[in-house]
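Enquirer:
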């Protein structure tokens with residue numbers, strides 16, 4: 004037993020970074036990836052420009068602490084929706100990872116999507132993989148300068164536009180464009196515009212796969228959701244080995260199907276060799292599948308030497324899509340989605356709270372009447388100024404006295420109104436020690452439109468039990 | 064299975080040691096930045112910074128934007144300290160335990 008063989012080595016973690024020049028590739032998966040890039044980036048750049056009921060459709064108005072989403076206004080009181088949405092997103096990620104591996108990484112992650120665009124611009128200005136490698140090694144000439152300059156120009160322009168769009172989700176984008184045109188941006192808009200532009204430029208232009216390898220937490224824990232039935236991209240070792248090429252291949256008795264062209268390595272955006280097995284660096288972009296399929300077709304062998312498969316399938320065992328892991332994730336996900344939908348549909352635009360006065364149980368008004376005093380808080384979560392009527396039920400003949408004998412409460416959007424209310428009852432009817440009554444707040448239609456929003460809350464009513 | 068202290072046993076040169084330091088520092092900065100961002104998002108979803116400023120025990124009037132920024136920096140200072148502290152104590156001192164290999 005030699006000590007040397009079992010000694011753990013950490014060296015490889017600290018090797019100097021080598022620039023990766025991914026080779027361009029075409030195929031059915033790359034087509035889907037390009038489609039994903041178009042759809043996702045299209046949505047990102049297009050959404051802030053949509054107007055909905057005279058207002059920017061999607062606007063996260065942080066200074067006024069409200070989110071506008073297609074006519075719906077969310078206030079900090081609706082925090083539950085944000086929390087639910089994040090939990091849904093997390094479980095969707097778990098579910099799809101268990102089912103089909105790193106779909107998110109390969110197709111939908113902003114890092115991948117923007118890197119795709121930046122690589123495309125690089126190809127446009129500097130040429131294909133070989134040309135790029137040659138160009139980087141070549142001394143500075145006018146041509147090299149022009150090519151590098153046009154690449155940087157495209158990158159920076161695109162990054163700035165991305166920054167502008169990003170800020171446009173938080174500040175009305177049309178005013179923002181005018182402000183930029185006149186160059187009188189506020190300090191925050193300025194900061195975020197350049198910060199986000201710089202982040203895009205740095206992440207998609209230079210860091211690229213290093214973000215996935217060193218910075219991304221998902222890449223580190225995604226394997227916890229994997230099992231032997233998860234779709235992975237894998238090289239079929241039994242079919243491919245022994246790999247050989249050229250003369251050796253022609254003279255060998257039974258060579259494997261892999262002709263060792265290393266195209267799968269050249270197209271890989273993270274610079275790994277998929278033939279070494281599943282690695283955490285693999286972002287499942289399927290570029291190697293497309294590259295290998297093309298080669299297999301040209302050399303007259305069946306496609307699928309590298310393919311989407313599962314560990315069980317590789318071992319010749321059956322693969323199950325339905326299994327406890329996916330079923331449980333799916334049930335949790337659907338429950339969350341359903342409760343989110345129900346909560347959103349039944350969301351009231353009124354937030355109310357009634358607190359009983361602490362000092363006295365009840366007060367005697369006259370020979371027949373007693374009253375309980377409460378503090379009523381009403382918040383208008385809608386998007387227009389609204390009047391509210393307050394009623395109470397639970398004991399016959401309840402009478403409400405609002406504040407200084409007002410008839411209704413008025414609140415602006417987002418305003419929280421606090422009023423003292425007195426609820427009067429007949430001494431003979433309110434004769435138990437404690438009654439439970441219901442206080443209702445109903446929105447009155449102000450501008451003709453009839454919104455029947457209402458909210459109610461149960462409170463204690465102290466009766467005259469003597 | 065204890066791994067050996069990297070810097071002393073793998074014959075790194077000064078440049079490599081510097082690189083290791085920068086990479087570790089990078090991890091500390093990035094992790095603390097990320098947690099501080101999440102923290103401020105959750106915190107300010109629930110609390111209005113302008114209102115918090117009015118509630119403070121000394122004169123402290125901030126607008127929402129200033130409040131968010133100050134809050135984020137505040138969170139980042141603490142997450143950074145925590146990450147840095149973890150990073151420092153994670154590197155084991157060169158004791159017998161740290162040096163022990165499989166054979167003894």
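Residue numbers (my numbering), protein chains in the order written: chain A, 4 to 469; chain B, 64 to 167.
Where is the CB? At the ideal position from N, CA and C, for every residue including glycine.
#1: Can you list, in chain order, the stretches of the beta strand (DSSP E) that have 3 or more residues and sit fully within the segment 400-450 of chain A?
#2: How would you list, in chain order, the residues of chain A whose beta-carbon sits under 8 angstroms from the beta-carbon of residue 131 (chain B)?
#3: Could you tell me if the beta carbon of residue 134 (chain A) falls within a distance shorter than 7 angstroms of some heavy atom in the ligand SAH?
#4: Compare the C-beta of residue 79 (chain A) against all C-beta atoms of chain B and say whether one is closer than 8 angstroms.
#5: So, using beta-carbon positions, are residue 466 (chain A) and residue 435 (chain A) closer together than 8 angstroms?
#6: Check whether the segment 387-405 of chain A touches the segment 310-325 of chain A, taking contact to mean three or more Cβ pairs, one atom from each stretch, closer than 8 angstroms.
#7: Under 7 angstroms Cβ-Cβ, which residues of chain A neighbour residue 109 (chain B)?
#8: Cβ of residue 117 (chain B) less than 8 angstroms from any chain A Cβ?
#9: Once DSSP output is grouped into helix, strand and coil, what is the label at residue 459 (chain A)?
#10: Closer than 9 angstroms, Cβ to any Cβ of chain B: which residues of the segment 190-218 of chain A, in chain order?
#11: Could you give the C-beta distance for residue 203 (chain A) and residue 166 (chain A), rounded to a whole number, given that I count them as a contact under 8 angstroms?
#12: First and last residue of the beta strand (DSSP E) that includes residue 225 (chain A)?
#13: Return yes when the Cβ of residue 308 (chain A) is within less than 8 angstroms of the Cβ of residue 235 (chain A), no when it is not.
#14: Rounded to whole angstroms, what is the Cα-Cα separation between residue 22 (chain A) and residue 268 (chain A)?
#15: Does residue 444 (chain A) pass the burial test, meaning 16 or more other C-beta atoms within 10 Å, or should it be called exposed?
#16: So which of A:240, A:262 and A:331 has the shortest CA-CA distance to residue 298 (chain A)?
#17: How many angstroms separate the CA atom of residue 218 (chain A) from the CA atom of residue 339 (chain A)?
#18: Are the C-beta of residue 384 (chain A) and some C-beta of chain B separated by less than 8 angstroms?
#19: Got a sec: is the Cβ-Cβ distance from residue 85 (chain A) to anything in chain B below 8 angstroms?
#20: Which runs of the alpha helix (DSSP H) fall wholly inside the segment 339-411 of chain A and span at least 4 residues, in chain order?
#21: For residue 127 (chain B), which residues in chain A fall below 9 angstroms Cβ to Cβ?
#22: Below 6 angstroms CB to CB, which residues in the same chain sit around residue 75 (chain B) once its five sequence neighbours on both sides are set aside?
#23: Could you have a look at residue 100 (chain A) and say whether DSSP puts it in helix, strand or coil?
#24: Give the C-beta separation of residue 354 (chain A) and residue 80 (chain A) to the nearest angstrom, bearing in mind that I take them to be a contact with Cβ-Cβ under 8 angstroms.
#25: When the Cα of residue 227 (chain A) is compared with those of A:214, A:294, A:332 and A:101, which residue comes out closest?
#26: According to a CB-to-CB cut-off of less than 9 angstroms, which residues of the segment 85-99 of chain B neighbour chain A?
#27: Would you tell me roughly how many angstroms separate the C-alpha atoms of residue 117 (chain A) and residue 145 (chain B), rounded to the nearest one?
#28: Taking only beta-carbon positions, decide if residue 81 (chain B) is within less than 8 angstroms of chain A.
#29: Can you find a C-beta in chain C that's less than 8 angstroms from the C-beta of residue 311 (chain A)?
#30: In chain order, what residues of the same chain have a beta carbon less than 7 angstroms from the beta carbon of residue 147 (chain A), not counting five sequence neighbours either side?
#31: Please classify residue 72 (chain A) as buried or exposed, where buried requires at least 16 neighbouring CB atoms within 10 angstroms.
#32: Rounded to the nearest angstrom, what separates residue 84 (chain A) and residue 347 (chain A) at their Cα positions?
#33: Do you know whose CA, among A:42, A:82 and A:75, lies nearest residue 109 (chain B)'s CA?
#34: Relative to the alpha-carbon of residue 311 (chain A), which residue among A:326, A:302, A:330 and A:290 has its alpha-carbon at the smallest distance?
#35: Could I get the ranges of all uninterrupted alpha helix (DSSP H) runs contained in the segment 94-164 of chain A, with 4 residues as the minimum, in chain order?
Expert: With the structure as the only source:
#1: 402-405, 412-414, 419-429 and 437-447
#2: 65
#3: Among the components modelled here there is no ligand, and therefore nothing to report on the ligand SAH.
#4: Yes, because at least one Cβ of chain B sits closer than 8 angstroms to the Cβ of residue 79 (chain A).
#5: By the CB criterion at 8 angstroms, residue 466 (chain A) and residue 435 (chain A) fall inside the cutoff.
#6: no
#7: 79 and 82
#8: no
#9: strand
#10: 190, 191, 194, 217 and 218
#11: 7 angstroms
#12: Residue 225 (chain A): not part of any beta strand (DSSP E); DSSP gives it neither H nor E.
#13: No, Cβ-Cβ distance for residue 235 (chain A) and residue 308 (chain A) is not below 8 angstroms.
#14: Taking the CA atoms as reference points, residue 22 (chain A) sits about 14 angstroms from residue 268 (chain A).
#15: buried
#16: Looking only at A:240, A:262 and A:331, the smallest Cα-Cα distance to residue 298 (chain A) is reached by A:262.
#17: 29 angstroms
#18: no
#19: yes
#20: none
#21: 65, 66, 67 and 68
#22: none
#23: helix
#24: 5 angstroms
#25: Here the closest residue by C-alpha is A:101.
#26: 86, 89, 90, 93, 94 and 97
#27: 32 angstroms
#28: no
#29: The structure shown contains no chain C; its protein chains are A and B.
#30: The residues are 138 and 141.
#31: exposed
#32: 8 angstroms
#33: Minimum Cα-Cα distance from residue 109 (chain B) among the listed residues A:42, A:82 and A:75 corresponds to A:82.
#34: A:290
#35: 113-129 and 132-140
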